[in-house]
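Engineer: One structure follows; several queries about it will come next.
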Amino acid sequence: MTKRVVIHHLVGHRFLGVNEQGDKVMIDGDQPATGPRPMELLLMALGACTAYDVVDIMKKKKQPLARYRVEVEGVRAETHPKRYTHITVTHIASGPNVTLEALERAAHLSHTKYCSVSASLNAEIAVKVVLEPWEEGQEAQG
Numbered sequence: 069m070t071k072r073v074v075i076h077h078l079v080g081h082r083f084l085g086v087n088e089q090g091d092k093v094m095i096d097g098d099q100p101a102t103g104p105r106p107m108e109l110l111l112m113a114l115g116a117c118t119a120y121d122v123v124d125i126m127k128k129k130k131q132p133l134a135r136y137r138v139e140v141e142g143v144r145a146e147t148h149p150k151r152y153t154h155i156t157v158t159h160i161a162s163g164p165n166v167t168l169e170a171l172e173r174a175a176h177l178s179h180t181k182y183c184s185v186s187a188s189l190n191a192e193i194a195v196k197v198v199l200e201p202w203e204e205g206q207e208a209q210g
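For the sequence shown, our numbering puts the final residue at 210, and the numbers step up evenly by one.
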């Protein structure tokens, strides 16, 4: 399967990325910024990719997540090409029937088997999981 995007130069270090469906994202290196920088988009792509997997896996395990977020932190090399050398991905979730064991397994499966962004990176990726307490009556956030 081949995917294609087009990056249009707007001005300075400001670009507009467009995918085949016509979805657009502003990519910016100027100040004030109107969108994320390319390396921030890479971290966002990793977080979204693994989140997609974890949500699906937990649903299949009959432990759907009521609250869930992924925090991604990257450490870049000091010299060019200043790639990410270490990335920490933290999955933070809760739900009425969610177990830490199931959440850890879902995160592990995502990062070792399913997440194509993770597999595409040349960085050491550490995965952390935090199961927040769930109390009846809490509102789900999505």
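Built from N, CA and C at the ideal position, the CB exists for glycine as well.
Compare the Cα-Cα distances from residue 137 to each of 70, 87, 122, 88 and report the closest residue.
Structural biologist: The residue you call residue 137 lines up with position 69 of the sequence shown. Ranking the options by Cα distance to residue 137, first place goes to 122.
Engineer: So, for residue 73: in the same chain, excluding its five sequence neighbours on each side, which residues have a beta-carbon less than 8 Å away from its beta-carbon?
Structural biologist: By one-based count along the sequence shown, residue 73 stands at place 5. Within the same chain, residue 73 has close Cβ partners 85, 86, 87, 88.
Engineer: In chain order, which alpha helix (DSSP H) runs of at least 4 residues are fully inside the region 107–182?
Structural biologist: If we require 4 residues or more, the alpha helix (DSSP H) runs fully inside the region 107–182 come out as 168–177.
Engineer: Can you give me the C-alpha to C-alpha distance between residue 98 and residue 77, rounded to a whole angstrom?
Structural biologist: The residue given as residue 98 occupies position 30 in the sequence shown. The residue given as residue 77 occupies position 9 in the sequence shown. Roughly 12 Å between the two C-alpha positions.
Engineer: Mark residue 75 as exposed unless 16 or more other C-beta atoms lie within 10 angstroms of its C-beta, in which case mark it buried.
Structural biologist: Looking up residue 75 in the sequence shown gives position 7. When all chains shown are included, residue 75 counts as exposed.
Engineer: Buried or exposed: residue 147, going by 16 or more other Cβ atoms within 10 Å of its Cβ?
Structural biologist: Within the sequence shown, residue 147 is the residue found at index 79, counting from 1. Residue 147 comes out exposed.
Engineer: In its own chain, which residues sit with a C-beta less than 6 Å from the C-beta of residue 172, not counting the 5 before and 5 after it?
Structural biologist: Residue mapping note: residue 172 aligns to position 104 of the sequence shown, counting from 1. Closer than 6 Å at Cβ, skipping near neighbours: 197.
Engineer: DSSP beta-bridge partners for residue 198?
Structural biologist: Working through the sequence shown from its first residue, we reach residue 198 at position 130. Per DSSP, 160.
Engineer: Hey, could you find the ends of the beta strand (DSSP E) residue 85 is sitting in?
Structural biologist: As a position in the sequence shown, residue 85 is number 17, starting the count at 1. Looking at the DSSP string, the run of the beta strand (DSSP E) that includes residue 85 is 82–87.
Engineer: On the DSSP letters alone, give me the boundaries of the alpha helix (DSSP H) that residue 187 sits inside.
Structural biologist: For the purposes of this step, residue 187 is taken as the residue at position 119 of the sequence shown. It spans 184–188 - the alpha helix (DSSP H) in which residue 187 sits, taken as one unbroken run.
Engineer: Please identify the residue among 165, 149, 100, 141 whose C-alpha is closest to the C-alpha of residue 131.
Structural biologist: Mapped onto the sequence shown, residue 131 falls at position 63. Nearest of 165, 149, 100, 141 to residue 131, Cα basis: 165.
Engineer: Counting along the chain, where does the beta strand (DSSP E) carrying residue 71 start and finish?
Structural biologist: Translated into positions along the sequence shown, residue 71 becomes position 3. Run containing residue 71: none; DSSP gives neither H nor E here.
Engineer: Closest to residue 163 by CA distance: which of 79, 110, 204, 116 is it?
Structural biologist: Translated into the one-based positions of the sequence shown, residue 163 becomes position 95. When only C-alpha atoms are compared, the closest one is 204.
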